[in-house]
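Note sheet for the following structure.
Chains as they are written, first to last, in the working numbering: chain A, 14 to 339; chain B, 14 to 339.
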């Protein structure tokens, strides 16, 4: 009898090992008026390459048994370092002509979260957000306080001009010389980056990083660094990262609302995101999208804009999309 | 036939007028280790007087047919001006020895919201939050950017030292001379103020104002200025204002979670707040409370701390409480 019990214990532990959750990673590089007519083949190829490299990097972490938190951070560092997205290098420019970066990260296994806003000299804001999560008693730090905390904890610093790219500067100049209405002619009005990952242990993490909105007011805080608005993760429900017109994402509480519909309304991930993006956000005539993974590994990538840079990886499946139809 | 239709239209419009919603106003002045043994009769009387004056002021606005937004603002201005609460005058002191104030306000009729954080020289942060709601394209502004915007829009400014009271200074000195662990000996560790109102038109508004946590790090943002964490209002569900250990309120997304349980889970206000405060918040070993009004005018004032300064007014009923049992 005891022998049979031990055999069964052994078999069930074997099953537990073989029942590792299949890892999933999904990313976005911003939603907006991304259309084929405003894209060159070279630019499209470069953007697809950047998205793929970042996604592969994070997925490797997951495949190697790494945590969802590590995968999200690794992915977002690459997207921040790429000049093609509105986060880290390539961030948009404030009305005053400088860069103010925001980022947040959340660990769905324990609801720990970290966020920074108004960052001017930390090379990778997502790393600063994670340091706040790990080493600060606080969840959210702003500006100098955030930078001091991050640099004291070993984060790499750069000059504010490091974040500037010629393309962003040209648009900013055009806006401020009255040649273009604020942001309206910019092909990638939003361009925030985000990542959600589900690791082999079934833990979910989400992260978001952004330069905010082009020509934004000095010291404006958008949805990206706000837990519940731009980012949320809870192993019991899902992980979410948003991109779009941040003020509406704050007012709706988009990321938390998706999670709460699953937690309290018994909805599927797809039903939840469809309601929040296509009914609620669209009903307020606001634009944007999100990426999400639920605890079963289901993926959602809804957006109500012409396009959204996006992609996912899971066992034997890789996808990258830019426009509404691909 | 047409005549009967007109009569019935006339009668139903009469009924609509007579069916004005009965206004309700609820306030808090912070949750924490508020116990009889640490209170003198004089202090208790002064605090009860301040709470009552602020509540009466807001309720007068509602009785006169004013909006929930106006009632919330009028109430919170008085609580900010009172030295007894951790908001406006009487705010706690940061590690660096200054005051950094946060506030937010939300209009449940249209989900508009405004928030300011890191305020040093605007006398009434709740007014600054409302100006952001009304006149800025943004929802949330920080520090200098917020102050510049508020003062350009006519908000009264003061020296940072205006917010200091002898009582707060004494505690801060004790902490920083190593005589007390951070905040642990302070009777009202939290002390944020908040107000939720339901007006005759059935509109709900919520607002929260705070000095943050005693000895907090420079540039820390707590839950009070975060829409969805410390404040939320939606005519379809309820209005909520929170007080407590802000980092946990952000991680849970307390105010939005209460609203979402009603919206998506079909719960009553009481069931919703009981879950979030007594199961979720207590489950994380975090402390605090909230006030809320739902669209039917039901009130909730749960807290898992020894006490919470609180009160409400509605037709022929006035209540003020401080401790767990009164």
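Beta carbons: idealized from backbone N, C-alpha and C, even for Gly.
Check, Outcome
"For residue 115 of chain B, would you say it is in contact with chain A, using Cβ-to-Cβ distances shorter than 7 Å as the test?", "no"
"Alpha carbons only, please: which of B:307, B:336, B:310 and B:329 is nearest the one belonging to residue 319 of chain B?", "B:336"
"Would you list, in sequence order, the uninterrupted alpha helix (DSSP H) runs of no fewer than 4 residues that lie entirely inside the region 38–64 of chain A?", "none"
"Apart from the five residues just before and just after residue 149 of chain B, which ones in its own chain have a Cβ nearer than 8 Å to its Cβ?", "127 and 162"
"Taking C-beta to C-beta, are residue 173 of chain A and residue 112 of chain A nearer than 7 Å?", "yes"
"Applying the 10 Å Cβ sphere with the 16-neighbour rule, what's the burial state of residue 115 of chain B?", "buried"
"Helix, strand or coil for residue 257 of chain B? Go by DSSP, reduced to three states.", "strand"
"Less than 7 Å separating the beta-carbons of residue 237 of chain A and residue 221 of chain A?", "yes"
"Residue ranges of each alpha helix (DSSP H) run of no fewer than 4 residues wholly in the region 159–246 of chain A, ordered along the chain?", "179–189"
"If you measure from the beta carbon of residue 35 of chain B to each beta carbon in chain A, is any gap under 7 Å?", "no"
"First and last residue of the beta strand (DSSP E) that includes residue 117 of chain B?", "114–120"
"For the beta strand (DSSP E) that residue 98 of chain B lies in, which residues bound it at each end?", "Neither: residue 98 of chain B is in no beta strand (DSSP E) and is coded neither H nor E."
"Quick check on DSSP: helix, strand or coil for residue 339 of chain B?", "coil"
"When the Cα of residue 124 of chain B is compared with those of A:324, A:262 and A:228, which residue comes out closest?", "A:262"
"Pop quiz: residue 206 of chain B and residue 334 of chain B are said to be a contact at Cβ under 8 Å. What is the actual Cβ separation, rounded to whole angstroms?", "Wrong, their Cβ atoms sit about 15 Å apart, outside the cutoff."
"Since residue 325 of chain A sits in a beta bridge, which residues does DSSP pair it with?", "A:39 and A:332"
"Given a threshold of 16 other Cβ atoms within 10 Å of its Cβ, counted over all protein chains shown, does residue 201 of chain B qualify as buried or as exposed?", "Low per-residue confidence applies at residue 201 of chain B: pLDDT is 45, beneath 50, and the placement is therefore not dependable, though the value from the model is reported in the following sentence. Residue 201 of chain B is buried by the Cβ-count criterion."
"Taking residue 272 of chain B as the reference, give the member of B:246, B:217 and B:297 with the closest Cα.", "B:246"
"Taking the beta carbon of residue 244 of chain B as the centre, do at least 16 other beta carbons fall within 10 Å, making it buried, or is it exposed?", "buried"
"From residue 249 of chain B to residue 270 of chain A, what does the alpha carbon distance come to, in whole angstroms?", "14 Å"
"Which of the three DSSP states is assigned to residue 272 of chain A in this structure?", "helix"
"Using 7 Å as the threshold, is the C-beta distance between residue 235 of chain B and residue 232 of chain A below it?", "no"
"Three Cβ pairs or more, each shorter than 8 Å: is that satisfied between the region 210–221 of chain B and the region 65–82 of chain B?", "yes"
"If you measure from the beta carbon of residue 94 of chain B to each beta carbon in chain A, is any gap under 7 Å?", "no"
"Which residues in the same chain as residue 311 of chain B place their Cβ atom closer than 8 Å to its Cβ, once the five residues preceding and following it in sequence are excluded?", "281, 282 and 283"
"Note down, in chain order, each residue of its chain lying with its Cβ closer than 6 Å to the Cβ of residue 60 of chain B, except the 5 sequence neighbours on either side.", "97"
"Restricting to Cα atoms, I'd like to know which of A:322, A:265 and A:142 is closest to residue 131 of chain A.", "A:142"
"Does any CB atom of chain B fall closer than 7 Å to the CB of residue 232 of chain A?", "yes"
"Taking 7 Å as the threshold (C-beta atoms), are residue 306 of chain A and residue 34 of chain A in contact?", "no"
"Could you name the residues of the same chain whose beta carbon sits closer than 8 Å to that of residue 55 of chain B, not counting the 5 residues immediately before and after it, in chain order?", "none"
"Flag residue 151 of chain B as yes if its beta-carbon sits less than 7 Å from any beta-carbon of chain A, otherwise no.", "yes"
"On the premise that residue 135 of chain A lies in contact with residue 164 of chain A, defined as a C-beta separation below 8 Å, what is that separation, rounded to the nearest angstrom?", "7 Å"
"With distances taken Cα to Cα, identify the nearest neighbour of residue 254 of chain A among A:323, A:108 and A:279.", "A:323"
"Thinking C-alpha only, which one of A:309, A:316 and A:229 is nearest residue 327 of chain A?", "A:309"
"When the Cα atoms are used, what is the spatial distance from residue 89 of chain B to residue 219 of chain B?", "10 Å"
"Should residue 315 of chain B be labelled buried (16 or more other beta-carbon atoms within 10 Å of its own) or exposed?", "buried"
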